[in-house]
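A.B. asks: By this note's numbering, the letter at position 70 of the sequence shown is numbered 140, and the numbering carries on one by one without gaps. Before anything else, here's the structure in question.
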Amino acid sequence: MDTNENYINRCFELALKGAGAASPNPLVGCVIVKNGKVAAEGYHKKYGEAHAERNAINSALRKGVTLKGAELYVNLEPCAHFGKTPPCCDLIIEHKFSKVVIAMKDPYHEVMGRSVKKMRKAGIEVVTGVLEQEAIELNKFFVKFVTTGLPYVTIKAAQTIDGKIADDKYRSKWISSTESRRTVHKLRAVYDAVLVGANTVRYDNPKLNVRDLRGRDPYRIILDKDLLLKPAYNVFKYKDSRTIVVTSIDAGIKKVRALQKKGVVVLPCKIKDGKFELKDVLNKLAAINIASIMIEGGAYVYNEFLEANLVDELLIFIAPDVMGSGITAFANKQAFKQFTRINYYSSGRDILVNLRKHVP
Numbered sequence: 071m072d073t074n075e076n077y078i079n080r081c082f083e084l085a086l087k088g089a090g091a092a093s094p095n096p097l098v099g100c101v102i103v104k105n106g107k108v109a110a111e112g113y114h115k116k117y118g119e120a121h122a123e124r125n126a127i128n129s130a131l132r133k134g135v136t137l138k139g140a141e142l143y144v145n146l147e148p149c150a151h152f153g154k155t156p157p158c159c160d161l162i163i164e165h166k167f168s169k170v171v172i173a174m175k176d177p178y179h180e181v182m183g184r185s186v187k188k189m190r191k192a193g194i195e196v197v198t199g200v201l202e203q204e205a206i207e208l209n210k211f212f213v214k215f216v217t218t219g220l221p222y223v224t225i226k227a228a229q230t231i232d233g234k235i236a237d238d239k240y241r242s243k244w245i246s247s248t249e250s251r252r253t254v255h256k257l258r259a260v261y262d263a264v265l266v267g268a269n270t271v272r273y274d275n276p277k278l279n280v281r282d283l284r285g286r287d288p289y290r291i292i293l294d295k296d297l298l299l300k301p302a303y304n305v306f307k308y309k310d311s312r313t314i315v316v317t318s319i320d321a322g323i324k325k326v327r328a329l330q331k332k333g334v335v336v337l338p339c340k341i342k343d344g345k346f347e348l349k350d351v352l353n354k355l356a357a358i359n360i361a362s363i364m365i366e367g368g369a370y371v372y373n374e375f376l377e378a379n380l381v382d383e384l385l386i387f388i389a390p391d392v393m394g395s396g397i398t399a400f401a402n403k404q405a406f407k408q409f410t411r412i413n414y415y416s417s418g419r420d421i422l423v424n425l426r427k428h429v430p
């Protein structure tokens with residue numbers, strides 16, 4: 071592995087420290103090197119706060135490092151526009167760095183190579199494409215969000231070896247192993263939101279929060295077309311305004327107000343032929359900066375999203391148990407043909423199957 075790759079890998083490690091807090095901004099880490107040694111590091115800690123490059127530069131300046139002639143490594147092209155913070159590429163030019171190494175160009179329409187051109191015009195050597203595929207994978211949520219305007223959508227399912235996610239009475243808790251459940255909580259801390267249907271709330275009464283590890287709770291999204299759920303369920307007991315109920319535009323005002331009194335956000339969406347127009351649901355969630363969603367149930371919701379071709383990834387935990395009769399997770403085998411990248415992992419006593427769409 072060459073020097074550029076070593077420093078970019080360190081950028082990846084730093085960037086991951088912002089997982090769950092930087093969204094909908096990307097995960098970015100930055101390393102500054104002077105005279106062949108690391109002089110400072112930084113990462114984007116939280117949405118709305120300073121970017122990785124600015125944090126690294128400020129850290130170097132506090133140490134008394136002279137930045138003229140230094141090298142800067144970053145996993146995403148520095149911003150070129152005024153957003154919540156000034157352009158990072160201007161700051162890099164101002165401090166007269168000699169070289170900037172970038173893993174991937176920023177696909178956001180206000181950047182898209184503009185920083186690279188601007189820095190080169192200023193006489194800075196710019197190298198791009200170092201560990202580019204790894205950089206794209208790291209920021210798969212951000213890439214999907216800024217290129218399509220839609221959140222990255224993952225289905226998470228836990229099923230028995232005979233394909234059941236619940237028994238005939240809709241009981242489904244603890245199918246997967248302790249290790250698998252811990253993985254799910256880690257994922258909840260990274261995804262912006264988890265989404266379930268009304269039946270999952272009714273039968274499982276889940277909390278949909280992060281437990282047994284440190285991490286911020288995701289938004290909790292419930293699809294409840296007719297607002298049939300009572301406000302007594304666990305997901306309505308939070309006071310953080312991070313529970314969102316997606317319902318029909320014609321939902322009764324009394325039911326809406328009862329949920330709003332609980333601090334629940336009610337999001338009216340379009341209905342067609344008695345079903346949610348899921349593209350409209352995703353568009354409205356994206357409008358409130360939800361860039362990634364993990365769908366956690368149930369079977370009806372899984373299949374509706376799959377048939378609408380709105381799923382980017384599946385994480386299926388398969389436990390070595392047999393349910394016999396019960397609820398099958400997936401009904402339409404045709405919907406699975408779009409997923410051509412398949413990987414398998416051990417997860418305690420379970421097997422985790424990861425299915426992804428092919429990305430050229």
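Glycine included, every Cβ here is placed at the ideal spot set by N, Cα and C. The model shown is predicted, which means the values in this text are computed figures rather than measured ones.
Answer yes or no: do V200 and V186 have a C-beta to C-beta separation smaller than 9 Å?
C.D. replies: Taking 9 Å as the Cβ cut-off, V200 and V186 do not qualify as a contacting pair.
A.B. asks: Run through DSSP, which three-state label would G88 get?
C.D. replies: Reduced to three states, the DSSP call for G88 is helix.
A.B. asks: Going by CA-CA distance only, name the one from D296, R286 and V305 that's closest to D274.
C.D. replies: The residue with the shortest Cα to Cα distance from D274 is V305.
A.B. asks: Is the segment 90-102 close to the segment 289-303, with three or more CB pairs under 8 Å?
C.D. replies: No, the segment 90-102 is not in contact with the segment 289-303.
A.B. asks: Among all the DSSP beta bridges, which residues are the ones paired with S417?
C.D. replies: Bridge partners of S417: D420.
A.B. asks: Report all residues from its chain with a CB closer than 6 Å to the CB of S168; omit the five preceding and five following residues, and keep chain order.
C.D. replies: Cβ within range, chain order: G139.
A.B. asks: Using DSSP with H/G/I as helix, E/B as strand and the rest coil, what is N145?
C.D. replies: The answer is strand: DSSP assigns N145 an E or B state.
A.B. asks: Can you tell me whether P177 is buried or exposed, with buried defined as 16 or more other CB within 10 angstroms of its CB?
C.D. replies: With 16 or more other Cβ atoms within 10 Å, it is buried.
A.B. asks: How would you label G90, buried or exposed, when you count the other beta carbons within 10 angstroms and need 16 or more for buried?
C.D. replies: It is buried - the Cβ of G90 has at least 16 other Cβ atoms within 10 Å.
A.B. asks: Write down every uninterrupted run of the alpha helix (DSSP H) in the segment 75-144 whose length is 4 residues or greater and which is fully enclosed by it, in chain order.
C.D. replies: Complete alpha helix (DSSP H) runs here, min 4: 122-132.
A.B. asks: Pick helix, strand or coil for P430, following the three-state DSSP scheme.
C.D. replies: Here the model assigns P430 a pLDDT of 44, short of 50, so the residue's position is not dependable, and the following value carries that caveat. Correct three-state label for P430: coil.
A.B. asks: Near Y414, which residues of its chain fall below 8 Å by C-beta distance, leaving aside the five closest residues on each side in sequence?
C.D. replies: Closer than 8 Å at Cβ, skipping near neighbours: I421, L422, V423 and N424.
A.B. asks: Rounded to a whole number of angstroms, what is the C-alpha to C-alpha distance between E164 and Y143?
C.D. replies: Their backbone Cα atoms lie some 16 Å apart in a straight line.
A.B. asks: Sort K115, N145, H179 and L355 by Cα distance to A173 and report the nearest one.
C.D. replies: It is N145 whose Cα lies nearest to the Cα of A173.
A.B. asks: Could you give the distance in angstroms between the alpha-carbon of S242 and the alpha-carbon of D160?
C.D. replies: C-alpha separation (whole angstroms): 54 Å.
A.B. asks: Do S395 and D238 have their C-beta atoms closer together than 9 Å?
C.D. replies: Yes, Cβ-Cβ distance for S395 and D238 is below 9 Å.
A.B. asks: Tell me the rounded alpha-carbon separation between T313 and E75.
C.D. replies: The alpha-carbon atoms of T313 and E75 are separated by roughly 41 Å.
A.B. asks: What are the boundary residues of the beta strand (DSSP E) that includes L431?
C.D. replies: What is shown of the chain runs 71 to 430, which leaves residue 431 out entirely.
A.B. asks: Where are the beta strand (DSSP E) runs, 3 residues long or more, that stay fully inside the segment 233-316, in chain order?
C.D. replies: The segment 233-316 contains these whole beta strand (DSSP E) runs: 234-236, 263-267 and 289-293.
A.B. asks: Considering Q330, what are the terminal residues of the beta strand (DSSP E) in which it resides?
C.D. replies: Taken as a continuous stretch (DSSP letters only), Q330 belongs to no beta strand (DSSP E), being part of the alpha helix (DSSP H) at I323 to Q330.
A.B. asks: For Q203, report the span of its alpha helix (DSSP H) as first-last.
C.D. replies: Q203 -> alpha helix (DSSP H) spans E202 to L208.
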